[in-house]
Amino acid sequence: MEVKYKKTKGLTDSPLSYCPGCTHGIIHKLVAEVLEELGVLGESIVIASVGCSVFSYRFFNCDAVQSAHGRACAVATGIKRNLPDHVVFTYQGDGDLASIGIAETIHAANRGENITVIFVNNAIYGMTGGQMAPTSLIGQKTTTSPMGRMAEVHGSPLHISEIFSQIDRVAYLERVSVFNPRQVRNAKNAIRKAFTYQVEKRGFTMVEVLSSCPVNWGMTPVDSLKWIEEKMVPVFPLKVFKDKGVENNV
Amino acid sequence: MEVKYKKTKGLTDSPLSYCPGCTHGIIHKLVAEVLEELGVLGESIVIASVGCSVFSYRFFNCDAVQSAHGRACAVATGIKRNLPDHVVFTYQGDGDLASIGIAETIHAANRGENITVIFVNNAIYGMTGGQMAPTSLIGQKTTTSPMGRMAEVHGSPLHISEIFSQIDRVAYLERVSVFNPRQVRNAKNAIRKAFTYQVEKRGFTMVEVLSSCPVNWGMTPVDSLKWIEEKMVPVFPLKVFKDKGVENNV
Amino acid sequence: MCKPVNIRVAGFGGQGIMMFGQMLAYCATNDNMFSLWVPSYGPETRGGTANCSVIVSTKMINSPVFTNADVLVAFNQPSLEKFKEMIVPGGCILYNSSMIHDPILPEGVRGYGIPINDIALELGTIQVSNMTMLGAYLEFSELFSDATAEKVLEKYLGEKKAHLLGINKQAILRGREALRALKG
Amino acid sequence: MCKPVNIRVAGFGGQGIMMFGQMLAYCATNDNMFSLWVPSYGPETRGGTANCSVIVSTKMINSPVFTNADVLVAFNQPSLEKFKEMIVPGGCILYNSSMIHDPILPEGVRGYGIPINDIALELGTIQVSNMTMLGAYLEFSELFSDATAEKVLEKYLGEKKAHLLGINKQAILRGREALRALKG
Amino acid sequence: MGKILMKGNEAIARAAMLGGLEAFFGYPITPQNEVPEYLSRYLLEEGKVFVQAESEVAAINMVYGAAAAGFRTMTSSSSPGIALKQEGITYLCGSELPCVISSVMRGGPGLGSIQPSQSDYNQATRGGGNGDYHVIVFGPETIQETIDILKEAFDIADYYRNPVMVLVDGLIGQMMESVDLTKPVKKRFLPEKDYAANGTKNHPGERHIINSLYLESNELEHHNLSLKKKYDLATANETRVELINMNDPDYVIVAFGTMARVCRSAIEKLAEKNIRVGMIRPISLWPFPSSVFETMDAPHLKGILCVEMNLGMMLTDVLVANNGRHSVGFFGRAGGVVPDPDEVVDAILHFNERVVK
Amino acid sequence: MGKILMKGNEAIARAAMLGGLEAFFGYPITPQNEVPEYLSRYLLEEGKVFVQAESEVAAINMVYGAAAAGFRTMTSSSSPGIALKQEGITYLCGSELPCVISSVMRGGPGLGSIQPSQSDYNQATRGGGNGDYHVIVFGPETIQETIDILKEAFDIADYYRNPVMVLVDGLIGQMMESVDLTKPVKKRFLPEKDYAANGTKNHPGERHIINSLYLESNELEHHNLSLKKKYDLATANETRVELINMNDPDYVIVAFGTMARVCRSAIEKLAEKNIRVGMIRPISLWPFPSSVFETMDAPHLKGILCVEMNLGMMLTDVLVANNGRHSVGFFGRAGGVVPDPDEVVDAILHFNERVVK
Amino acid sequence: MPIKGYLTFESEKCKGCGLCVAFCPVKILYLDKNTLNQQGYPIVKITDPDKCIGCASCALMCPDSIITVEVKN
Amino acid sequence: MPIKGYLTFESEKCKGCGLCVAFCPVKILYLDKNTLNQQGYPIVKITDPDKCIGCASCALMCPDSIITVEVKN
Ligand SMILES: Cc1ncc(C[n+]2csc(CCOP(=O)(O)OP(=O)(O)O)c2C)c(N)n1
Ligand SMILES: Cc1ncc(C[n+]2csc(CCOP(=O)(O)OP(=O)(O)O)c2C)c(N)n1
Ligand code: SF4
Ligand code: SF4
Ligand code: SF4
Ligand code: SF4
Ligand code: SF4
Ligand code: SF4
Ligand SMILES: [Mg+2]
Ligand SMILES: [Mg+2]
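Chains as they are written, first to last, in this note's numbering: chain A, 8 to 257; chain B, 8 to 257; chain C, 1125 to 1308; chain D, 1125 to 1308; chain E, 8 to 364; chain F, 8 to 364; chain G, 102 to 174; chain H, 102 to 174.
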């Protein structure tokens, strides 16, 4: 008998703190698997941002730094500039990255910090109980947009990957999701590529992952995946926005 | 005899505090002329940001609010949401807008705040004595990049207009300059359009103006204009990035 | 009632713990008594447990916290274990006997097991197990009348959930009955 | 020298005010004396005026600020007007007589006008007007030797501006001469 | 009207609306999320302004803008979020703009916890902004008092053209209590907002400029002294304190907020032991009610015990107010632990071990 | 080596390098710009890390990262910039990370001015971050002392795993003075940084986690108490003060930084008038040298005058330290005005008018 | 011969979310509402182990990594 | 008949930057280094007023708005 799938050594034994069916868990294991497969766990440092994934410092089987809300990329910069040969990555939600932390993230990208950003876009503030995020969809009801998000009042969903595609020193940038096994495999490929580029010192890499929040969306985990596919993907198309490895071998 | 050109009523009598030949002065008068011509001085509120233009609260002949460094668009939001029929605009440098204030500016744009942003990009921190700005050019020597800006160390010049072109609720966005009389006239047209759109409540408008800083660039005022034309424009092409009035009549 | 009653309520997330506690506080307010409801909040609720405390009193409530509760209402085994030691001698534990079997209770503390899951399922939905427990508590404590409980319940459910009023009332009734039977 | 000497230097931006003051401070350091240079800084310098103050002393300098200066070095009219009242009786004002004509000085204060612009232009560049003034000040104060001034100047200009050493030295010389002539 | 049961955070939101709130700007953070959540529904319903800002920094600067334009405005946050607002707060003070800040404290430092705490006392009363400024800070002990203060807070802010902070711990924010929203509060005469930057068409011939920049030191000093005058006025008029059981006490407790409530229970228990304990309960934390310490008539006083849900912050104000007159002790719990009345009883019983050197 | 003339800000930069600075992160602000400008050249030249951050918030969080990875790191800023760093500072304290912060004060509040001031005393010593934490703060009076302290600051930070702030006013930053860079400073034994998050390959079998989150109140309280122990240790060992002329003085002045220098001149002038004035010059502002007030032997003392370039901030610490023993007066100038020695002389001559209530 | 899969569940960590159930191509997984684990969640069970084709979709989709899939040819 | 321009300068506010000089198409403006204003700047002067075509380029480019241009046909 051959083991086809088992829990990666890239994760610790600590049970994940996520709600049932929350795809934070899937994304965690993809990242962890990639780190394990690349053999870089011993030289990796994860920056755990503030959001439901704040406890990721307990979950990834490597050194970890918990950072202030939104500032993960600044913290990563502080680490990576001093440890240029280590693998440094942030794991950030849409509140953390797209709202309070957009400045730090854009500038880390623009400086070309050789780090990887795992951007988990679940269109909501999960941790704090379901407030509107910059990426919430038009019409989406949240605790701070109780009548649904309205473009005229709240603005439109912010397209992070589209924005970052305009930054010269981004080396790899893709939007993926995890709403079915095929997408999960795609997502893993993107994450692998991002980390590989970092190891190759090509510059800033980011993977945006459309993720679910069954609890605050008020849906079952399975319906949540459908919602990603049917509602989120049309607004946030899945694609490679930037790939310096293809454009030109930097 | 007919007056062909005289100082606009949109400016106060207070002498401008800018260095000799600094194009902040030209941009000031264009904005002031537009406000005068549109007849909106009495309902205008300028948000003076922190930078050499901090004293613009003295210069524009309308009500004024001096704001914390980088936060002009947040302040503008606070005003405009309460006074939706007023003309509210910010006047911000590249340090203010592109560096410390990028989050506030992006989110004001994304919410579609019906304000106008005059973004004066002189590729340097003028007020504080010539430090590197996010928009400084590769090779540009500044007091904090004494050997010249290097892409690998400092990152590349940040393309603000390109980035903002990815934001849905931006109604008008153009990059202009003032390095010769023709460009000055173009710049005025862009500024007029931006304010007109604001009056028409079309959403967020921004005009990026490539401007000079003779003192910190270490050039004569005249050479500075040449430097804009020859060095800055190739990196920051002058163009209309977004015009909702043309795309579709929102 | 000359002394405030301190009540601790605990169970899994999803068992309606918060509503149970709030109903008591609303009943007190309705009856012009003082009441104070304190939830445990934050990410630990994500871990799957939930608890809150309620104080009901005829005079101004001072300390909003208490170490020793008069009553524990335990909706599952871990909650019972976690909180049973805080019950004062002479105090009482109401527990969900559908999930807690043969509990070992502290010395000097009475226990009443009500099979609230089973009763609720009999009524048609597990959702009303908390109101079943409320019925039991009301019967036990004799703090509030049925009229008060029903009035508060009606408000709590609001128009949107008005259709659930009937079954919830029934649950309260069945809880009362169950407790009465135990008290015997 | 038993008391620290307090010197105020002022003029337009671009007249080399800061360099003038710093040169004095460097000279003091070179001669193992204590010295302290304080610039006026910030946007007001953008307005077109610049000023700094220097304290030179043989013992530790306590207060870095002073209200009353022993010497004012005024490079233009507005500076003279702004600062002349702070000079102590018995103090002295060196002024740029190329730009300041027939100044009215406070009671009890000596004044020496040196046409530093003219002298500098004679030497070939207005840029050395400040060193002309320095020469005058050195002659006036007798604080530092020519050797000290030249050594410091050499360091100040550094390799990049070494070619300017000659003309600056000349300017110092010419300033000394001019002052000597006035002192008579 | 009768009493209703309300959650502290919702009461803050509702009371602010009753106080005339016109524009709210905030960013989510536990344990105060119900404040913006409530307002996102009800403030918008009334056609007023609610904006979820992109950060705490943005929120306080939106407040700055709304206040500059002459509107009644508020933000709400918790510990690290308030830290981020410090620059904005000093700007508001410097530009003399009124606003209300609700601060619902959790454990610290850093991310800390989300459990109730009073360890932001220094943050609130000493600030972390730059310069000589003060925020008027109230620390109510019940939801009712929180409501009453919030209803008045906008008036106070307008009167002094200065931020007013309402400082509660997470417990007050999260708990529910019976309250009366209709209790009348003091009204004061408020002048027109003749400084508001709302367009010269509203005040022809005169430009209104909101600004905190004074490059000339003499001008800035003049400004600082005029602010100080205002702060002195506030100290004279807005100091609030409740004195409890202060008739010849053996000990006096000083405590505010939730801690004061716990102490009330402790005082009752101590009375059963025949120990007479009084309480000075500061309601305004800045200005701190120092003068009651001077005028205190307590001939048999054995000591003053300062009790806080932190490791000793208000203690500084107590020491200054006491000025060496009596022996001062401290008892506190940290990290989000709310002490039990029995612990306070114990601290009084062992007062000597609690005396600060 | 002989003395050289150096600008205060450049001295800060050079001294930090001598103290072992490995990574600097900062954002421009007057009057400290020469610090990053100097380092952008010389630190990079040595192959170390210099990053101009996008903001003060980013800078302090980069410091957090560098410190987390085990490097000697520093940021520098001025008043409103320090306000923005408050969240980062409380995180550093909460996660027990060492770093050095240079703060060059200007006038406030808000944008204020860029003239020298001491009105960030509260900002530095009380902070505006959340929670129970302290920053070790030094307030040197000369460029030489600034250098000496900075050279030692990284050791102190490492020893306590806590931020150390060097607080000077803009005058010290902008002026030039003769200094000796080679003066030896105290060395202390420093353990390995066995907490650094630098990859498990450097410490196999053990994950290093840098964190300030403790959701359980008991755990957080435990953490708070262990921090407190550290702060008590720092209070015992790092309190620094200079006593000047304290032999039977008529008055004692308390002043720090530039203000203390001005007071030295005033004391000389007063001596000419046969008024004996001593000075307590706190060098560490936190921990504040309270104990010297207790042990002070001054039988003819008429009063203590606290002198500051603000409207009375250190005054609180003086009042607490004095604890009612002597009468305390205050003299201060605000807004960026540096008082003249004569003004201090005058304040002593009219001490009675200066006594605080 | 088709590939055959064998599953092991670390049931105490199962959160009963049902993602594995939804993505099993042969529909042999279900949540047993009657068997709650210590956390109070119904745990996942398998109706017909023989039908498992060892595709590991279930394991791939499990956010809590509690399914191990082994295969035999 | 060509258009003829007449200039007035508010010379005390001139900063001697020379932008007007650089952009005058007929090159009739210059900075008089011998006439400094109160601010210490050389002020702008006109060599040959008759040649001014009233195009207002000078005024347009003047950052300090100190040039007024009047025209006559
Ligand atoms: C400075 C600060 N502001 C706000 C918070 C509160 N907070 C915690 S998590 C969070 C947002 C979480 O949303 P997101 O980043 O999308 O992550 P998710 O939980 O959705 O995965 C917020 C606002 C905080 N801890 N610190
Ligand atoms: C919070 C804060 N950080 C930094 C500063 C210092 N500062 C003043 S202006 C400025 C930047 C000015 O550059 P820019 O915005 O490009 O305007 P410019 O002067 O070039 O027109 C900075 C960093 C400040 N006042 N406040
Ligand atoms: S709140 Fe939402 S995002 Fe957070 S763990 Fe639960 S389901 Fe996932
Ligand atoms: S410093 Fe530069 S940007 Fe500022 S006024 Fe002078 S020339 Fe203009
Ligand atoms: S391995 Fe494939 S077939 Fe077997 S249970 Fe899992 S999903 Fe179903
Ligand atoms: S996906 Fe995992 S956690 Fe969810 S039900 Fe299946 S085995 Fe349990
Ligand atoms: S108006 Fe035209 S022609 Fe006349 S001076 Fe000005 S630029 Fe020259
Ligand atoms: S452009 Fe204006 S300021 Fe400049 S030289 Fe000409 S007139 Fe003077
Ligand atoms: Mg999210
Ligand atoms: Mg700029």
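All residues carry an ideal CB built from backbone N, CA and C; glycine is no exception.
Helix, strand or coil for VAL1177 (chain C) per DSSP?
Reading the third sequence from its first residue, position 53 is the one you call residue 1177 (chain C). Here residue 1177 (chain C) is Ser; the residue named in the question, Val, does not match the sequence. Strand, per DSSP.
Would you report the Cα separation of SER298 (chain F) and LEU220 (chain E), rounded to the nearest angstrom?
Here the question's residue 298 (chain F) lines up with position 291 in the sixth sequence. Here the question's residue 220 (chain E) lines up with position 213 in the fifth sequence. Spanning the two alpha carbons is a distance of roughly 39 Å.
Who are the near neighbours of MET266 (chain F) in its chain, counting only those whose CB is closer than 7 Å to its CB and skipping five residues on each side?
What you label residue 266 (chain F) is simply residue 259 of the sixth sequence in a count that begins at 1. The answer, listed in chain order, is GLN125, VAL314, GLU315 and MET316.
Chain B contacts made by the stretch 26–40 of chain F, where a contact means CB separation under 8 Å
Taking 8 Å as the Cβ-Cβ cut-off against chain B, the residues of the stretch 26–40 of chain F that qualify are TYR34, PRO35, ILE36, THR37 and ASN40.
Does the structure place the stretch 45–52 of chain E close enough to the stretch 16–26 of chain E that three or more beta carbon pairs sit under 8 Å?
The stretch 16–26 of chain E vs the stretch 45–52 of chain E: in contact.
Take ILE154 (chain F) as the anchor and find which of F:ALA65, F:GLU103, F:MET183 and F:ALA273 has the nearest alpha-carbon.
Mapped onto the sixth sequence, residue 154 (chain F) falls at position 147. From the listed residues F:ALA65, F:GLU103, F:MET183 and F:ALA273, the smallest Cα separation to ILE154 (chain F) is found for F:MET183.
Mind checking which residues open and close the beta strand (DSSP E) that includes GLY1235 (chain C)?
Start at 1 with the first residue of the third sequence, and residue 1235 (chain C) comes out as number 111. Judged by DSSP secondary structure, GLY1235 (chain C) falls within the beta strand (DSSP E) whose first and last residues are 1234–1238.
Helix, strand or coil for GLU301 (chain E)? Go by DSSP, reduced to three states.
Within the fifth sequence, the letter at position 294 stands for residue 301 (chain E). Helix.
Buried/exposed call for ASP255 (chain F), threshold 16 Cβ in 10 Å:
Locating residue 255 (chain F) in the sixth sequence gives position 248, counting from the first residue. When all chains shown are included, ASP255 (chain F) counts as exposed.
How would you call GLN93 (chain E), buried or exposed, if buried means at least 16 neighbouring beta carbons within 10 angstroms?
In the fifth sequence, counting from the first residue as 1, residue 93 (chain E) sits at position 86. By the neighbour-count rule (16 or more Cβ atoms within 10 Å), GLN93 (chain E) is buried.
Starting from ALA110 (chain B), trace the beta strand (DSSP E) both ways and give me its first and last residue.
Translated into positions along the second sequence, residue 110 (chain B) becomes position 103. Here ALA110 (chain B) belongs to no beta strand (DSSP E); instead the alpha helix (DSSP H) covers 109–118.
Interface partners of GLY77 (chain B) on chain K, CB under 8 Å:
No chain K is part of this structure, whose protein chains are labelled A, B, C, D, E, F, G and H.
Got a sec? Which residues, its chain only, sit under 6 Å from PHE300 (chain E) by beta carbon, not counting five neighbours each side?
The count along the fifth sequence starts at 1 and reaches residue 300 (chain E) at position 293. The beta carbon of PHE300 (chain E) sits closer than 6 Å to the beta carbons of ALA328 and ASN329 from its chain, once the five residues preceding and following it are set aside; these are given in chain order.
Burial state of ARG65 (chain A) (16 or more Cβ within 10 Å):
Your numbering for residue 65 (chain A) matches position 58 in the first sequence. That one is buried.
How about GLY138 (chain E) and GLY114 (chain F): are their beta carbons less than 8 Å apart?
Position 131 of the fifth sequence, counted from the start, is the residue given in the question as residue 138 (chain E). Position 107 of the sixth sequence, counted from the start, is the residue given in the question as residue 114 (chain F). GLY138 (chain E) is a Cβ neighbour of GLY114 (chain F), given a cutoff of 8 Å.
Residues near LEU178 (chain E) in its chain [Cβ-Cβ closer than 7 Å; skip 5 each side]
Here residue 178 (chain E) refers to the residue found at position 171 when the fifth sequence is read from its first residue. Closer than 7 Å at Cβ, skipping near neighbours: PRO123, THR265 and VAL345.
Distance check for MET154 (chain A) and ILE1250 (chain C), CA to CA, integer angstroms please.
Within the third sequence, the letter at position 126 stands for residue 1250 (chain C). Within the first sequence, the letter at position 147 stands for residue 154 (chain A). ILE1250 (chain C) and MET154 (chain A): Cα-Cα distance of roughly 30 Å.
Could you tell me whether any non-hydrogen atom of ligand 7 is closer than 7 Å to the CB of VAL170 (chain H)?
Translated into positions along the eighth sequence, residue 170 (chain H) becomes position 69. Yes, the Cβ of VAL170 (chain H) comes within 7 Å of a heavy atom of ligand 7.
For a cutoff of 8 Å on Cβ pairs, would you count ASN256 (chain B) as touching chain A?
The residue given as residue 256 (chain B) occupies position 249 in the second sequence. Any reading at ASN256 (chain B) must be qualified, since the residue scores a pLDDT of 43, below 50, and its modelled position is unreliable; no value is offered.
Between which two residues does the beta strand (DSSP E) containing ARG1300 (chain C) stretch?
For the purposes of this step, residue 1300 (chain C) is taken as residue 176 along the third sequence, with counting starting at 1. First-last for ARG1300 (chain C): 1289–1307, but that is the alpha helix (DSSP H), not the beta strand (DSSP E).
When you compare only the Cα positions, how much space is there between THR1153 (chain C) and VAL222 (chain A)?
Position 29 of the third sequence, counted from the start, is the residue given in the question as residue 1153 (chain C). Position 215 of the first sequence, counted from the start, is the residue given in the question as residue 222 (chain A). The alpha-carbon atoms of THR1153 (chain C) and VAL222 (chain A) are separated by roughly 31 Å.
Once DSSP output is grouped into helix, strand and coil, what is the label at GLN1139 (chain C)?
To locate residue 1139 (chain C), count along the third sequence from 1; it is residue 15. If DSSP states are grouped into helix, strand and coil, GLN1139 (chain C) belongs with coil.
Proximity test, Cβ basis, 8 Å: GLY141 (chain H) and chain D:
Sequence index remark: in the eighth sequence, residue 141 (chain H) carries index 40 (1-based). Judged by the 8 Å Cβ criterion, GLY141 (chain H) is in contact with chain D.
Since I believe ASN1292 (chain D) is in contact with VAL1252 (chain D) (beta carbons under 8 Å), could you give me their beta-carbon distance rounded to a whole number of angstroms?
Taking the first residue of the fourth sequence as 1, we reach residue 1252 (chain D) at position 128. Taking the first residue of the fourth sequence as 1, we reach residue 1292 (chain D) at position 168. With a Cβ gap of about 6 Å, VAL1252 (chain D) and ASN1292 (chain D) count as contacting.
Would you check whether ligand 10 has a heavy atom nearer than 7 Å to the C-beta of TYR142 (chain G)?
In the seventh sequence, residue 142 (chain G) corresponds to position 41, counting from 1. Checking the Cβ of TYR142 (chain G) against ligand 10 gives no.
Output needed for TRP293 (chain F): all residues of its chain with C-beta closer than 7 Å, excluding positions within five of it in sequence on either side, in chain order.
Here residue 293 (chain F) refers to the residue found at position 286 of the sixth sequence. Same-chain partners within the cutoff: THR132, HIS141, VAL142, ILE143 and VAL144.
Starting from the Cα of GLU171 (chain G), find the closest Cα among A:ALA197, A:GLN147, A:SER172 and A:LYS13 and give me that residue.
Taking the seventh sequence and counting its residues from 1, one reaches residue 171 (chain G) at position 70. Check the Cα spacing between GLU171 (chain G) and each of A:ALA197, A:GLN147, A:SER172 and A:LYS13: the tightest is with A:LYS13.
Using CA atoms only, rank isn't needed, just tell me which of F:ALA305, F:VAL261, F:ALA203 and F:ALA341 is closest to GLU50 (chain A).
Position 43 of the first sequence holds residue 50 (chain A). Cα-wise, what sits closest to GLU50 (chain A) is F:ALA203.
Tell me the rounded alpha-carbon separation between MET1157 (chain C) and ASN1192 (chain C).
Locating residue 1157 (chain C) in the third sequence gives position 33, counting from the first residue. Locating residue 1192 (chain C) in the third sequence gives position 68, counting from the first residue. Between the alpha carbons of MET1157 (chain C) and ASN1192 (chain C) lies a gap of roughly 21 Å.
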